[in-house]
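Per the numbering used here, the sequence shown starts with residue 1490, numbered consecutively.
Using N, Cα and C, we set each Cβ at its ideal position, and we do this for glycine too.
Each remark here refers to the structure printed beneath this line.
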Amino acid sequence: MKPERKITVHVRSELLNKAQKASRAGVSETVRKGLELLAASDAYDRLLKMRGKVRFSLDLSELRQDRR
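As structure tokens, this is what we get:
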């Protein structure tokens, strides 16, 4: 794991208050969670661009047979 970095962030009080209310966490954890969500959104965007472009050799009805 890489070492943590200490940062200074200037944000509007209203925005921080809303984010903390949503996260139910302190300032550091709220900022950390926001950064994690932003980083994850890039991965989600890349996955969405692949939609319909990947072919699978699995038969969906065959996979569902074990549920019966």
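Starting from the C-beta of residue i, find all residues in its chain whose C-beta is less than 7 Å away, skip the five residues before and the five after it, and write them out in chain order.
i	result
residue 1523	1508
Where do the N-terminal and C-terminal ends of the alpha helix (DSSP H) with residue i fall, by residue?
i	result
residue 1510	1502–1512
residue 1522	1516–1538
residue 1547	Neither: residue 1547 is in no alpha helix (DSSP H) and is coded neither H nor E.
I think residue i touches residue j, with their Cβ atoms under 8 Å apart; what is that distance to the nearest whole Å?
i	j	result
residue 1519	residue 1512	5 Å
Starting from the C-beta of residue i, find all residues in its chain whose C-beta is less than 8 Å away, skip the five residues before and the five after it, and write them out in chain order.
i	result
residue 1515	1509
residue 1556	none
Using a beta-carbon distance below 7 Å, is residue i in contact with chain B?
i	result
residue 1536	Looking at the structure shown, chain B is missing, and only one protein chain is on hand.
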